[in-house]
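Residue numbers (our numbering): 30 to 525.
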């Protein structure tokens with residue numbers, strides 16, 4: 030009977046996961062897409078956000094006991110600012126940036142992503158093995174929630190990061206991902222960027238933002254909102270194209286195609302003859318260029334056009350979205366897009382310049398660095414004028430028994446090395462005066478058979494059986510209680 034019931038639960042889980050994927054999917058392909066149906070998107074997201082994030086009426090303070098020296102929200106009691114009732118950003122008298130918790134205490138966001146009892150669904154085996162083990166081990170979710178929340182506090186964390194279980198949002202400060210672009214046609218797996226230049230984008234954002242965050246605007250547990258995760262601003266692992274190269278291939282009536290042609294006309298100072306010589310075409314006017322769907326040369330003038338198009342795309346994206354968020358919710362931080370960054374992937378600098386005009390914090394998913402890339406982070410801070418939060422980073426070890434063949438991050442041999450690499454990386458980050466937090470990716474390992482996109486890595490603080498990696502959690506338990514002091518005192522030389 031028990032086995033039959035368990036099989037029924039797992040079958041239902043698979044059906045739910047499958048249906049969620051079908052409903053939430055975005056168009057595939059390597060070129061810009063039109064928006065998906067706005068009515069169905071807004072309706073679905075209303076249900077999602079209302080069921081996963083508590084409102085201000087439901088909770089006023091975390092229901093946790095942080096260690097001595099920390100506030101009710103996990104802030105550092107040795108440094109006090111004026112209390113505002115919500116999280117905000119401040120620079121202290123020494124030029125060091127801090128998040129400030131609702132009670133006014135300096136706050137470094139020490140988080141873990143995907144603290145989620147569901148774990149990762151693996152198509153290869155037809156179920157989510159971590160979730161299967163949670164049910165088998167604890168007989169339900171309540172015990173997992175209680176144990177996991179205790180663990181996170183014991184390990185020195187004060188934030189549940191993106192994609193975490195809804196039950197934990199009632200306990201910890203959190204950072205919801207709104208996925209505004211993702212629900213308008215952005216496809217994470219393929220890097221497809223939607224055409225956001227039409228008037229319907231503004232109406233979509235207005236409805237989406239209202240229905241998704243209106244109920245959260247008075248909740249002091251929310252640090253701030255991520256608008257999207259890893260949008261493709263230029264060449265990366267998903268496509269070698271710049272945005273202009275994608276949008277020039279759209280149909281003549283597409284709003285984004287018209288902007289692409291306007292950019293080329295501006296960069297070429299209205300000289301169609303000069304553009305014809307570069308493209309080896311014979312257009313009579315830039316209006317005729319709307320019919321062009323070919324390749325663009327890699328010359329300096331076209332590279333200038335690529336930068337300008339990226340700037341206009343970013344201006345459109347950030348201005349519309351942040352404007353609507355602030356209308357509905359003036360209380361919380363806007364953490365912007367979680368930018369994907371590695372030694373080989375760096376978004377156009379103009380995008381950081383534009384983002385800095387609109388967001389409160391620049392958020393970076395930072396992989397494949399042994400220590401903080403100080404010169405590059407300095408440059409991003411200079412361009413944006415805003416503090417930086419590292420919203421993903423991780424290291425993997427081969428002694429976990431996982432393949433580690435798919436997914437970002439440096440791979441080492443042992444958990445001891447993994448803990449050492451992690452400690453060194455965080456210390457190098459927190460000695461930078463403009464870094465206000467770090468979120469580890471992630472709580473539980475991925476299935477060895479691969480998750481939905483094939484990732485099969487040792488990212489977890491716990492393994493697939495929900496057993497902690499002792500070296501990692503001991504290291505975090507010690508380090509997380511010292512980073513505020515480290516942040517207040519020093520700077521370091523990082524990796525370029």
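Virtual Cβ for every residue (Gly too), placed ideally from N, Cα, C.
The structure displayed is predicted, hence computed values, not measured ones.
TODO: For the segment 228-299, list the alpha helix (DSSP H) runs that are entirely contained and at least 4 residues long, ordered along the chain.
DONE: 228-242, 272-276, 284-296
TODO: With residue 382 as the anchor, note down where its alpha helix (DSSP H) starts and where it stops.
DONE: 378-387
Open item on the list: When you compare the CB positions of residue 262 and residue 380, do they come within less than 8 Å of one another, or not?
Closed with: yes
Task: Contact under 8 Å by Cβ, residue 100 with residue 106 - done: yes
Open item on the list: Using CA atoms only, rank isn't needed, just tell me which of 390, 422, 412 is closest to residue 397.
Closed with: 422
- [ ] Tell me, to the nearest whole angstrom, how far the beta carbon of residue 350 is from that of residue 154; I am working on the premise that it is less than 8 Å.
- [x] Actually they are not in contact, since the Cβ atoms of residue 350 and residue 154 sit about 38 Å apart, beyond 8 Å.
Open item on the list: Quick check: residue 475 and residue 463, are their CB atoms within less than 8 Å of each other?
Closed with: no
- [ ] Might you give, ordered along the chain, the residues of its own chain that have their beta carbon closer than 6 Å to the beta carbon of residue 510, omitting 5 neighbours on each side?
- [x] 185
Task: C-beta atoms of residue 315 and residue 292 nearer than 8 Å - done: no
Task: residue 508 (DSSP reduced to helix, strand or coil) - done: helix
Open item on the list: Is the beta carbon of residue 187 closer than 8 Å to that of residue 95?
Closed with: yes
Task: Own chain partners of residue 410 with C-beta closer than 7 Å, once the 5 adjacent residues on each side are dropped - done: 417, 463
Open item on the list: Tell me the DSSP secondary structure of residue 153 in three-state form.
Closed with: coil
TODO: With DSSP collapsed to three states, give me the class of residue 357.
DONE: helix
Task: Status (buried if at least 16 other CB within 10 Å, exposed otherwise) for residue 204 - done: buried
TODO: Locate the alpha helix (DSSP H) running through residue 448, then write down its first and last residues.
DONE: 444-459
- [ ] State yes or no: is the C-beta of residue 366 within less than 8 Å of the C-beta of residue 257?
- [x] yes
Task: Collapsed DSSP secondary structure at residue 395 in the structure displayed - done: strand
Open item on the list: Whole angstroms are fine: how far does the CA of residue 467 sit from the CA of residue 420?
Closed with: 6 Å
Task: Beta-carbon contacts of residue 108 that lie in its chain and below 6 Å, excluding the five residues immediately before and after - done: 135
Open item on the list: Relative to the C-alpha of residue 465, which candidate in 98, 120, 110, 91 has its C-alpha closest?
Closed with: 120
Task: Whole-angstrom distance between residue 122 and residue 390, CA atom to CA atom - done: 19 Å
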